[in-house]
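Below is one structure; the comments refer to it alone.
Residue numbers (the working numbering): 45 to 353.
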């Protein structure tokens, strides 16, 4: 997929080295098509790393995409420079008058906080309500998936005794759903979180289906029947070494973290990770763009309607 991103975005060099097709504004303007408009609300501390991970997953269909990187305010995250944020990110207030084909809301290291104690919770709820009327389909990852379930349906997460960290096997529950098209009946995916929502709490929500789940990690993918909201409790975007970096960070901070399960060779943190989730991570985002977004979005985005709950 040709993804249109700024020519000086650091992610571009990485993507080009991986032979991923990205284009600048002039090349994009020469193509007489309507590209998909996709927004990414990046809540992760290391913005550049997350940008690369998600842009990589958006690169595998032949549809042109315009990507907007979004933030809530002008605050500079400690792991990303102010110059980067100012150059490449729009504040949500600057794009809230637009309509989008798709949005991706990333996770955030906020699992121990009550939602109302999150400093940008008011802006988060404003965005969630806005997306119902202005976005064809929105993916919520990890913390954002739990936050969206709480806001839309009043479903509260529970805190685990130990952090769930590792790569877990999952079962496809609805193989005929387009989001699961081409998935193996059992597949692997990474998780890294302290919260969980019980399966029976998902099942109480009308118009919501659990599409994939794990015996160890619980519900992984769920979606509304109208395909407008997708909740993913794990991290299909993670690089090979992301869980290792998180583990090493927590060790250095003195947290005594559990070793990520089913991840390091022989479960030994001194050995290389076993990578077995990337194909399904790519397929998941490709299916979302094709079937939940492209096949359902109106040509004129101004005709989008608010979800019928």
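Virtual Cβ for every residue (Gly too), placed ideally from N, Cα, C.
Item	Value
For residue 313 and residue 303, believed in contact at Cβ under 8 angstroms, the rounded distance	6 angstroms
Residue 213 - containing beta strand (DSSP E), residue span	202-216
Which of helix, strand or coil DSSP assigns to residue 95	helix
Length of the line joining the Cα atoms of residue 190 and residue 199	8 angstroms
Closest by C-alpha distance to residue 309, when choosing among 346, 320, 58	320
C-beta contact flag for residue 148 and residue 183 at 9 angstroms	yes
Whole beta strand (DSSP E) elements within the region 239-267, 3-residue minimum	252-258
Straight-line Cα distance separating residue 54 from residue 260	37 angstroms
Cβ pair count under 8 angstroms reaching 3, the region 287-307 against the region 250-257	no
7 angstroms Cβ shell around residue 271 - same chain, five flanking residues per side excluded	181, 336, 340
Nearest candidate by alpha-carbon position, reference residue 145, set 109, 116, 238	109
The beta strand (DSSP E) enclosing residue 135, as first and last residue numbers	133-135
Residue interval of the alpha helix (DSSP H) (run including residue 323)	322-331
Start-to-end residues for the beta strand (DSSP E) that takes in residue 81	80-85
Spatially closest choice to residue 231 from 240, 219, 237, 241, by CA coordinates	219
Proximity test, residue 95 beta-carbon vs the ligand ADP heavy atom, cut-off 8 angstroms	Only the bare structure without any ligand can be found here, which leaves the ligand ADP out of the picture.
Beta-carbon spacing of residue 328, residue 99 below 9 angstroms	no
Whether residue 234 touches residue 278 by CB criterion (9 angstroms)	yes
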